[in-house]
Amino acid sequence: NAGVTQTPKFRVLKTGQSMTLLCAQDMNHEYMYWYRQDPGMGLRLIHYSVGEGTTAKGEVPDGYNVSRLKKQNFLLGLESAAPSQTSVYFCASSYSTGEGPQETQYFGPGTRLLVL
Amino acid sequence: AQSVSQHNHHVILSEAASLELGCNYSYGGTVNLFWYVQYPGQHLQLLLKYFSGDPLVKGIKGFEAEFIKSKFSFNLRKPSVQWSDTAEYFCAVRPGRGSTLGRLYFGRGTQLTVWP
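Chains F and Z, in that order, are what the protein sequence lines are. Under the working numbering, the letters of the first sequence match residues 1 to 116, in that order. Under the working numbering, the letters of the second sequence match residues 117 to 232, in that order.
See the structure below:
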C-alpha cells in the first residue's frame, strides 16, 4: 500500500492564482482531512470529509474549497491564492470515528505552498 | 472550544538525558490522546496513543506517555534521548463523543533538539 499520497510536493503561486492539491489514499478509509501547518501554530484543520460526496468545515476553512467525488481522493482548492496561504498542507485519513483502535489518522508527506 | 497546550516550545538536551514533554487539554469528557512526531522534512508519524485501559502507554522508539485524567494531562517521556530523536513533537486530542466526528485537535508542537 502507498498509504496517503499528495501531489504536488511543492508549488509556487502568484497572488490571485488558483490551484488544486490532490490527496489520495488506498486504505479504503472513510474519513479524510486537510490540515495546514504553520510555524508555532501546530496543525489546524481546514476541511474534512466523512465519506464520499460529503465535506465539512474545520477550524480555518476560509479561502479554501474541497471536494470528495471519489472515496479515495480528497481535493483541496485555492480559488484565489493569498500570501497568508503560504504553508505546508497535510492530508490525513482514518478508518473510523468510533472509539475503537482504528482511530489513528495516517498522514501524507505534505505539500509546501509558497504564495508570492 | 477544545484546546491542547504544549508548554515547551523548544527543548534542548544532550544525548542520554531524560525527556518529559508536557501536554494538557481542555475537553472534560472521554478523550483519545495521541503523540505524533515529525522528523525534519518528513510527515507526521504516530508515536503512541491512548484510548482506554492502562494510563501508561508505550510507543515506538522507547517513548511512553502517562494519561492523568484528574490533571487533563498526557505527558510524553523517554528516559534517555538520542540524537536521532531530534524532531518536532505534537500532542493531539480527539473528543470521544459528540459532533466532532473524529477530528483531532493539535497542540502547537515542541521542537526537540538533541546534541550528540
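All C-beta atoms in this analysis are idealised placements derived from N, C-alpha and C, irrespective of residue type, glycine included. Because the structure is a prediction, the values reported are computed rather than measured.
Please list the residues of the segment 146–167 of chain Z that have a C-beta atom closer than 7 Å to any C-beta atom in chain F, keeping them in chain order.
Asn-148, His-159, Leu-160, Leu-162, Lys-165, Phe-167
Measuring from the CB of F/Tyr-33, is there a heavy atom of the ligand NAD at a distance below 8 Å?
Ligands in the displayed structure: none, and consequently the ligand NAD is not present.
Per DSSP, F/Asn-73 is paired with what?
Beta-bridge partners of F/Asn-73 (DSSP): F/Ala-24.
Check each candidate in Z/Ser-134, Z/Ser-130, Z/Ala-132, Z/Gly-138 and name the one with the smallest Cα separation from Z/Asn-124.
Z/Gly-138
What in chain Z is Cβ-close to F/Met-41, meaning under 7 Å?
Arg-224
Give a yes or no on whether 9 Å exceeds the smallest Cβ distance from F/Pro-101 to chain Z.
Note that F/Pro-101 scores 40 on pLDDT, short of 50, meaning its location in the model is unreliable; the coordinates nonetheless yield the value given after this. At least one beta carbon of chain Z lies nearer than 9 Å to the beta carbon of F/Pro-101.
Just to confirm my understanding: we take F/Gly-3, look at its own chain, exclude 5 residues before and 5 after, and list those with CB closer than 8 Å. What are they?
Gln-25, Asp-26, Met-27, Tyr-106, Gly-108
Check the Cβ of F/Gly-110 against every Cβ in chain Z and list those closer than 8 Å, keeping chain order.
His-159
Can you list, in chain order, the residues of its chain whose CB lies under 8 Å from that of F/Pro-101, leaving out five sequence neighbours each side?
Low confidence applies to F/Pro-101: its pLDDT is 40, below 50, so where it sits in the model is not reliable enough to give any reading.
What residue from Z/Lys-187, Z/Trp-199, Z/Lys-177, Z/Ser-186 has the CA that sits closest to Z/Arg-193's CA?
Z/Lys-177
F/Thr-111 bridges to which residues according to DSSP?
According to DSSP, F/Thr-111 shares a beta bridge with F/Tyr-89.
Could you give the DSSP three-state label for F/Asp-38: helix, strand or coil?
It is a strand residue.
Between the beta-carbon of Z/Val-147 and the beta-carbon of Z/Arg-210, is there less than 9 Å?
With contacts defined as CB atoms closer than 9 Å, Z/Val-147 and Z/Arg-210 qualify as a contacting pair.
Look at the alpha carbon of F/Ala-126 and the alpha carbon of F/Arg-44, and state the distance between them as a whole number of angstroms.
The displayed coordinates of chain F run from 1 to 116. Any statement about residue 126 of chain F would go beyond what the structure contains.
Runs of 3 residues minimum, wholly inside the segment 164–230 of chain Z: which ones carry the beta strand (DSSP E) assignment?
172–174, 180–184, 189–194, 203–211
Since F/Phe-107 meets chain Z, which of its residues come closer than 7 Å, beta carbon to beta carbon?
His-159, Leu-160
Just to confirm before moving on: does the CB-CB distance between F/Leu-76 and F/Leu-21 stay below 9 Å?
yes
So Z/Val-173 packs on Z/Leu-135, CB below 8 Å; how close in whole Å?
That belief does not hold up - the Cβ atoms of Z/Val-173 and Z/Leu-135 are roughly 16 Å apart, past 8 Å.
If you draw a straight line from the alpha carbon of Z/Ile-128 to that of Z/Ala-203, how long is it in whole angstroms?
11 Å
As a quick exercise: from F/Glu-79, F/Gly-110, F/Glu-52, F/Gln-72, pick the residue whose alpha carbon is nearest that of F/Tyr-64.
F/Glu-79
Where does F/Ser-84 fall in DSSP's three states?
Of the three classes helix, strand and coil, the one that applies to F/Ser-84 here is helix, per DSSP.
For the putative contact between Z/Gln-122 and Z/Arg-224, defined by C-beta atoms under 8 Å, what is the C-beta separation to the nearest angstrom?
Indeed they touch by this definition, with Cβ atoms about 6 Å apart.
Residues of chain Z with a CB under 9 Å from the CB of F/Leu-45: which are they?
Arg-219, Leu-220, Tyr-221, Phe-222
Using a Cβ-Cβ cutoff of less than 7 Å, which residues in the same chain neighbour Z/Leu-163 once the five nearest sequence positions on both sides are dropped?
Trp-151, Tyr-152, Val-153, Gly-175, Ile-176, Phe-179
Strictly below 7 Å CB to CB, what residues from chain Z border F/Thr-104?
Within 7 Å Cβ-Cβ: Leu-162, Lys-165.
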